[in-house]
Amino acid sequence: MLPAISVVSAAILAYEVLLMRLFAIVQWHHFAYMVISIALLGFGASGSFLALAQGWLKPRFVAAFAVNAALFGVSALAAFALGERVPFNALEVLWNPRQLLYLLVLYLLFTVPFFCGANCIGLAFTRYGEQIGRIYRYDLMGAGLGALGIVAVLFLVSPTDCLRLIAGLGIAAAGLVCFARNDARRRLAAVGLLAAAVLLPALVPQSWIALRFSEYKGLSMALQVPGAEVIGDSSSPLGLLTVVRSPTIPFRHAPGLSLDSTVEPPPQLGVFTDGDALSVITRYDGRLDALGYLDDTTAALPYHLLQGPSVLVLGAGGGGDVLQALYHGARRIDAVELNPRLIALVRREHAAFAGGLYDRPEVTVHAAEARSFVARGQAQWDLIQMPLLDSFGASVAGVHSLSESYVYTVEAFRDYLRHLEAGGFLAITRWLKLPPRDSLKLFATALAALEREGIATPQERLALIRSWNTTTLLVKNGALGAAEIDGIRRFAAQRSFDLAYYPGMRPDEANRFNVLDARHFFEGASALAGPRRAEFIERYKFDLAAARDDRPYFFDFFRWRALPEFLELRAQGGAALLEWGYPILFATLVQASALGVVLILLPLRLSRRKSNRHPDRARILAYFLALGLAFLFVEIAFIQRFVVFLGHPLLAVAVVLSGFLVFAGLGSGAAPGLARRLERRRGTAGPLFSRIVPVDVPVLAFGTAALLHLALLPALFDWMMPWPEAARVAASLALIAPLAFFMGMPFPIGLSRVSERVPELVPWAWGVNGCASVASAILATILAIHLGFTAVVGIAVVLYLAAAAVFRAPLATVGGGVGR
Amino acid sequence: MALCAALAVLLPGTGRALDEDGHAARRADMIRVIERHAFSAVKALGRRRIDSRVLDVMGRTPRHLFVPERLRGEAYDDRPLPIGYGQTISQPFIVALMTDLLAVGPEDVVLEVGTGSGYQAAVLAPLARRVCSIEIIPELARSAGQRLEALGHAGVETRTGDGYYGWPECGPYDGIVVTAAASQIPPPLVGQLKPGGRMVIPVGGPFATQWLMLVDKLADGRVKTRQVLPVAFVPFTRRSP
């Protein structure tokens, strides 16, 4: 039974992660948040179902487990296949109420697999109350393996094949639980189910589960063009890359190109990540004059202020900005790209087309995360260039607002500044938004970073220009001189770009070529550079406050107080003013909480069982709610804290998640022993010791470890940052181990207590915990946006302490007695 | 039913019969909504009203024949609607605003890049002498051409092709409207604009126009652009007293 629990648990976690990936591919990732919250509905419904049906199910444990595990497998595939046929269009939600109905259909579909999967684990807790510590250990270990495994498998096979694999795991778990040495019928059933686990998912036609991109994603639109065809794809957890050739009507991708430019870009191959976020591989035959258009974009500005610079391109993509550096005579180019598959496309599959760009002697390509590449290295550059990384469509829709980004924070800017040669530039290009958002937030971030570096007059180091659809911010390591300011003015005037800020700029120099109804960019930048920065930020209807590592939400511009106005203006052509991400996240939380309340409280109201009117049920609810919330708060906050240190978001997820689940699993295994030892000593120890209940020990130990982490981690990270990757992984695990070990104990200690005194409430407690842990993923993001990840950990400590406090008093037994 | 609707679109004259089926009243409602919203676009227009010629044409154009049959009931709602192939028919208010900003005269020649369903071309046709419209997606170009012909818009010429190079044989143009999603403004289009001519480009995603970009070609051949929000929006809260 225990291996089957691990397998089911691994399959559920893997399915949750995979669904996030699949929805990010076919829709957009902020809607993935919404749909994934239905896992909560499945967990809650399962808890209620088991609470009501446990009497009938317990004696039929093996059959019930096997049926639910097999149904999980089948419905995991079926829900996705059917979900793809629901005509849900995320972009139309504001306009068309019917879309909400489609969303509801998706919710109901995806509830089924989570319901079946959660039934398996809940049933095991209910049936084997005396083994709760062991079951929980296998559950956590399985979850850890599932989360890690799916990330690893996504490197090897396509997302739809991962779906088949997960379905197979569900059916295999059914086979495992059936297996019994001395029962021939069960052995036969086990063999049959294991065979089905291999055959059934493999036999599902690919057309049933083929990815159907939203027709409004860039890839779908590109493929509508006659002659356009997919010539390759490559999948990994970092995204599904699709290469498109469009010979009839070329891509001509040149963000921010001047209207005065007459040079047409050479042929390009489009590279879409998850069906959007277009990057291009440009044909390069060694003739630099064909690349003249690259001198007509705002991003070319720093090259007119430097001679033969050394350049670091952060986010090299298909190589457009490397070509731009080559065109401008850069003597050394370091190109950093997160996705090694994208590098391989340029370096291998399309090397001839790209003219061997990434193998040129002056170009060095690094597969790394931009921020930690800079933070770890010692090199200096004349220019650090941060090109446009996201698509225009995604940018204007505000779909990145929930993505943590460690490249646009105050701390990141300080790292960049320290790696600039004297007189060097940091140049950041963003899509232009009206009214201004990104560019002004970057401006505020640069000012804050320079101030933190001890620069008294940071405003003398900044310049901002804009074309009709891009802005480029320059931050100089030194004050801008008169010759440089002349160079900026000349560059802008020759290309009909507008000046938005330079030290000493006159108001009448702004807003000349691409005229806005007011000098929004100049006035905004000047206000931020002046003494009334705080007041300006406070009065602005979008959030421009600089992002920090503790609150790394650069793309979140949403402010509640502007929402009524945005909604009112929607019908008048103002739909684009609303930044989507945050309101959707909040709506998800409201919906999740409402569902949680209904699922937790409704079964107790409906049931007439004596146990369900148990006097301590409010305390049990509070205990498991607090644990469910707190466990994921800590896990999510620590994943974020380790992203820059470990140098890659995927590595952070893999190391932190597996570390937490494995060490928590070990902790849960040790919990019964600890509880027994404490019970034995209660009688013999002094009065102080006799007041300690088992759950106090892990909670106090966890609280101490968490507070030590908060205090010491920044200094430890600074010290260990230059270590090799393997040493940093080992150090991360060592740091996580004590914390996670103690976090694994309160749940089995509590559930064992419930199992001893009110066994009928075990499935309910499990459901509450499951609901809380899903809701906590959403809540943690909202709290981090407002308060930061440090506060999220602090709140988790308070929740654990609160849990311990509510569980100190003895539980009444069903029969009316009281006992520990 | 589907066959009848298809015939109604394809056969001249029957479209009008279908048009009488309660749509006139809904169109009048749509025009009232556009007029109400025009107050919000005062900055873009420089006045409080949309040109009455534009509203008059939109009040006569059977928009329901330009949307998929299943969406005909919503054709006169003031919102964008999907027309397939990842394309949308713009919100009526945005169509009115763009047409007004183009300031089309009766002798003008207008180029449209991105025919879509053909609705914008149908609105432009009675206002201009000649409308040339290019669509990148062959299926859309074909159906829009048939639809426009069936509705009697003989002054509209359509073709499938790459909008980047415009349609030089049809130009030069007094006005160009680029309704296709554009991440850049093709220089050849600017070249085909007459001095004094104007180009209008909605910028934004399929269901949300973020701003309208106006390109004025000056008498000396240089261009000047203006970017306007379609709504009255001040990015600041009032200063507290």
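Chains as they are written, first to last, in the numbering used here: chain A, 59 to 878; chain B, 9 to 249.
The beta-carbon is built from N, C-alpha and C at its ideal position, and this holds for glycine as well.
All figures in this text were calculated on a predicted structure; none of them were measured in a lab.
Secondary structure of residue i, DSSP reduced to three states
i                      : result
residue 456 of chain A : Unreliable positioning characterises residue 456 of chain A in this predicted model, as indicated by a pLDDT of 49, which lies under 50. A coordinate reading is not provided.
residue 242 of chain B : coil
residue 688 of chain A : helix
residue 508 of chain A : helix
residue 751 of chain A : coil
residue 10 of chain B  : Here the model assigns residue 10 of chain B a pLDDT of 38, short of 50, so the residue's position is not dependable, and the following value carries that caveat. Reduced to three states, the DSSP call for residue 10 of chain B is helix.
residue 678 of chain A : helix
residue 170 of chain B : coil
residue 442 of chain A : strand
residue 219 of chain B : strand
residue 80 of chain A  : helix
residue 706 of chain A : coil
residue 864 of chain A : helix
residue 60 of chain A  : helix
residue 262 of chain A : coil
residue 609 of chain A : strand
residue 554 of chain A : coil
residue 210 of chain B : strand
residue 599 of chain A : coil
residue 393 of chain A : strand
residue 320 of chain A : coil
residue 559 of chain A : strand
residue 125 of chain B : coil
residue 343 of chain A : coil
residue 224 of chain B : strand
Of the listed residues the options, nearest to residue i (C-alpha basis)
i                      : options                       : result
residue 127 of chain A : A:108, A:70 and A:161         : A:70
residue 723 of chain A : A:798, A:335 and A:208        : A:798
residue 85 of chain B  : A:204, A:153 and A:157        : A:153
residue 366 of chain A : A:386, A:717 and A:289        : A:386
residue 697 of chain A : A:848, A:683 and A:818        : A:848
residue 243 of chain B : A:494, A:789, A:231 and A:819 : A:494
residue 589 of chain A : A:807, A:520, A:515 and A:678 : A:515
residue 101 of chain B : B:145, B:71, B:122 and B:95   : B:71
residue 553 of chain A : A:559, A:545 and A:560        : A:545
residue 100 of chain A : A:777, A:837 and A:654        : A:654
Sheet register partners of residue i (DSSP bridge)
i                      : result
residue 140 of chain B : B:119 and B:165
residue 879 of chain A : This structure gives no information on residue 879 of chain A, because the portion of chain A shown stretches from 59 to 878.
residue 534 of chain A : A:483
residue 489 of chain A : A:528
residue 176 of chain B : Paired residue(s): none; residue 176 of chain B is not in a bridge.
residue 572 of chain A : B:233
residue 365 of chain A : According to DSSP, which records beta bridges pairwise, residue 365 of chain A is partnered with nothing at all.
residue 182 of chain B : None, per the DSSP bridge assignment.
residue 224 of chain A : Answer by DSSP bridge pairing: none, since residue 224 of chain A is not bridged.
residue 89 of chain B  : B:97
residue 108 of chain B : According to DSSP, which records beta bridges pairwise, residue 108 of chain B is partnered with nothing at all.
residue 521 of chain A : A:532
Closer than 7 Å: residue i CB and nearest the ligand SAM heavy atom
i                      : result
residue 692 of chain A : This structure simply doesn't include the ligand SAM, nor any ligand for that matter.
Kindly confirm or deny that the region 301-313 of chain A and the region 280-292 of chain A touch, where touching means at least three C-beta pairs closer than 8 Å. yes
Three CB pairs or more closer than 8 Å across the region 544-553 of chain A and the region 352-365 of chain A: yes
Check whether the region 137-153 of chain A touches the region 183-193 of chain A, counting contact only when three or more Cβ pairs, one atom from each stretch, lie closer than 8 Å. no
So, do the region 154-170 of chain A and the region 789-797 of chain A have three or more beta carbon pairs nearer to each other than 8 Å? The region 154-170 of chain A, when compared against the region 789-797 of chain A, does not touch it at the 8 Å Cβ threshold.
Does the contact criterion of 3 or more C-beta pairs under 8 Å hold for the region 412-427 of chain A versus the region 468-481 of chain A? Result no; under three Cβ-Cβ pairs closer than 8 Å.
Kindly confirm or deny that the region 434-446 of chain A and the region 375-383 of chain A touch, where touching means at least three C-beta pairs closer than 8 Å. yes
Alpha helix (DSSP H) segments (min. 4 residues) lying fully within the region 107-148 of chain A: 119-141
Could you say if the region 226-242 of chain B and the region 559-569 of chain A meet the contact criterion of at least three C-beta pairs nearer than 8 Å? no
For the 8 Å Cβ check, are there 3 or more pairs between the region 776-794 of chain A and the region 689-708 of chain A? yes
Contact between the region 231-242 of chain B and the region 41-49 of chain B is defined here as three or more beta-carbon pairs at a separation below 8 Å; is this criterion met? yes
Validate contact between the region 496-509 of chain A and the region 583-597 of chain A using beta carbons, cut 8 Å, 3 pairs: With a cut-off of 8 Å, the region 583-597 of chain A and the region 496-509 of chain A count as touching, because enough Cβ pairs lie within range.
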